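Quick notes on the structure that follows.
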Amino acid sequence: MHSHTKTSNVDRLKETPMTNHLNRRMALARSAQVALMLGGLGLLPRTALAAYPTAAFEAKTIPDLMKALGAGAPVESKDVTVTAPDIAENGAVVPVGASTSLPGAKRLLLLVEKNPSMLSAAFDVNEFVEPSFTTRVKMGQSSNVLAVALMADGRVLYAQKEVKVTLGGCGG
Amino acid sequence: MPDPMRIRAQAAGDKTTVRVLMSHEMETGLRKDPAGKTIPAWFIQEVTAQLNGKPVLTAEWGPSVSKNPFLQFIVKGAKAGDKIAVTWRDNRGETRTDEATVS
């Protein structure tokens, strides 16, 4: 949207019959800005689109999800923690968290078993962040909430907790 | 232009807790408007964070994250005065970056 207005400015400058040195210099400076902005815009979607795992976010069951992520069958583990309330009065805003005490986690996932699509959020773990994330999700109905840790050695560990929802959060 | 995020980054020893509150509708694509027409999905797909320009967090989100999303994560090795920048990008390709200073 910004780049649009900028480009049209440049065009206008170029077309003015009064164009002189000054205007041309301004136009050049502007187009350099535009090129920079476009470059930035062009870069972002390319990396992001390649990374966004659409299939995983459309998976309806745990086996489907694991297949989409290229991971094996999950095993329950005490070293993975899911934080969620026992009862959520408002399903539109349910605070949930995933964390693990194990080193070597590659990714942490938050799933809501009975949502139309299970996967809510996936976090990449690296050496700069703790494997512990909290966010808020929508829940359509009472369901198990799962925290899944994909380990660097290929293991898939999970923890689950049942959350009772008094008022569904998907707005009918 | 989307509204700015609210970001707080608080250092405690080696660990810095970052709390982000974003402003976004997060439409699932499953709801219908009063006329019975499906409201198209519109949600944040990718969230990234940088510490002094170095990428520290990448997350992918689905539409089931709540409206006006909240995110908390813990960055290692940041100290007071460092800059934490958070960027999101939604499924319409819109993006926003905001920055906060670690305190």
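Chains as they are written, first to last, in my numbering: chain H, 1 to 172; chain U, 1001 to 1103.
Backbone N, C-alpha and C fix where the C-beta goes; we use that ideal spot for every residue, glycine too.
Quick caveat, the model's predicted, so the values are computed rather than measured.
Taking 8 Å as the CB-CB cut-off, is residue i touching chain U?
{"i": "Leu43/H", "result": "With a pLDDT of only 42 at Leu43/H, under 50, the local geometry of the prediction cannot be trusted, and the value read off the model is given with reservation. Chain U contact via Cβ: absent."}
{"i": "Pro116/H", "result": "yes"}
{"i": "Val129/H", "result": "yes"}
{"i": "Ala92/H", "result": "yes"}
{"i": "Gly39/H", "result": "Residue placement at Gly39/H is poorly supported in this model, since its pLDDT is 47, which falls under 50; the coordinates still yield a value, given next. Not an interface residue."}
{"i": "Asp124/H", "result": "yes"}
Taking only beta-carbon atoms, is residue i less than 8 Å away from chain H?
{"i": "Lys1079/U", "result": "no"}
{"i": "Pro1004/U", "result": "no"}
{"i": "Lys1083/U", "result": "no"}
{"i": "Lys1037/U", "result": "no"}
{"i": "Glu1169/U", "result": "The structure shown does not extend to residue 1169/U, since chain U is modelled only from 1001 to 1103, so the question has no answer here."}
{"i": "Pro1040/U", "result": "no"}
{"i": "Pro1034/U", "result": "no"}
Could you work out which residues of chain H lie near residue i, taking near to mean beta carbons separated by less than 8 Å?
{"i": "Val1086/U", "result": "Residues of chain H passing the Cβ test: none, with the nearest at roughly 13 Å."}
For a contact meaning CB atoms closer than 7 Å, what does residue i contact in chain U?
{"i": "Thr134/H", "result": "Gln1072"}
{"i": "Lys161/H", "result": "Within 7 Å Cβ-Cβ: nothing; Lys161/H doesn't reach chain U, min ~17 Å."}
So which residues on chain H does residue i lean against when the C-beta distance must stay under 9 Å?
{"i": "Val1102/U", "result": "Within chain H, no residue comes near Val1102/U; the closest Cβ sits about 13 Å away, beyond 9 Å."}
Assuming residue i contacts residue j (C-beta within less than 8 Å), just tell me the rounded distance between them.
{"i": "Lys1083/U", "j": "Asp1014/U", "result": "That belief does not hold up - the Cβ atoms of Lys1083/U and Asp1014/U are roughly 17 Å apart, past 8 Å."}
{"i": "Trp1061/U", "j": "Ala121/H", "result": "5 Å"}
{"i": "Phe128/H", "j": "Gly97/H", "result": "No, Phe128/H and Gly97/H are not in contact; Cβ-Cβ is about 19 Å, not under 8 Å."}
{"i": "Met1022/U", "j": "Ile1039/U", "result": "Actually they are not in contact, since the Cβ atoms of Met1022/U and Ile1039/U sit about 19 Å apart, beyond 8 Å."}
{"i": "Val80/H", "j": "Ala159/H", "result": "4 Å"}
{"i": "Ser1064/U", "j": "Thr1028/U", "result": "7 Å"}
{"i": "Leu119/H", "j": "Leu111/H", "result": "6 Å"}
{"i": "Val145/H", "j": "Val163/H", "result": "5 Å"}
Please confirm whether any heavy atom of the ligand HEM lies closer than 7 Å to the CB of residue i.
{"i": "Val165/H", "result": "Judged by which ligands are present, the structure shown has none, so any question about the ligand HEM falls away."}
Identify the contact partners of residue i in chain H, using a Cβ-Cβ distance below 7 Å as the criterion.
{"i": "Ser1064/U", "result": "Val112, Asn115, Ser117, Ser120, Val137, Lys138"}
Since residue i meets chain U, which of its residues come closer than 8 Å, beta carbon to beta carbon?
{"i": "Glu76/H", "result": "Correct list: empty, because the minimum Cβ distance to chain U is about 23 Å."}
Per DSSP, what are the beta-bridge partners of residue i in this structure?
{"i": "Asp1090/U", "result": "Ile1044/U"}
{"i": "Ile62/H", "result": "Beta-bridge pairing links Ile62/H to no other residue."}
{"i": "Leu1051/U", "result": "Lys1054/U, Ile1084/U"}
{"i": "Val93/H", "result": "For Val93/H, which the question treats as bridged, DSSP gives no partner whatsoever."}
{"i": "Gly1025/U", "result": "What sits at residue 1025/U in the sequence shown is Glu, not Gly. Answer by DSSP bridge pairing: none, since Glu1025/U is not bridged."}
{"i": "Thr1097/U", "result": "Thr1087/U"}
{"i": "Ile1039/U", "result": "For Ile1039/U, which the question treats as bridged, DSSP gives no partner whatsoever."}
{"i": "Phe1070/U", "result": "Leu1021/U"}
Does residue i have its Cβ less than 8 Å from a Cβ in chain A?
{"i": "Ala59/H", "result": "Included in the structure are the protein chains H and U, with no chain A among them."}
Runs of beta strand (DSSP E) lying entirely within the region 95 to 171 of chain H, each at least 3 residues, in chain order: Runs of the beta strand (DSSP E) inside the region 95 to 171 of chain H: 105 to 112, 119 to 124, 129 to 137, 143 to 151, 156 to 165.
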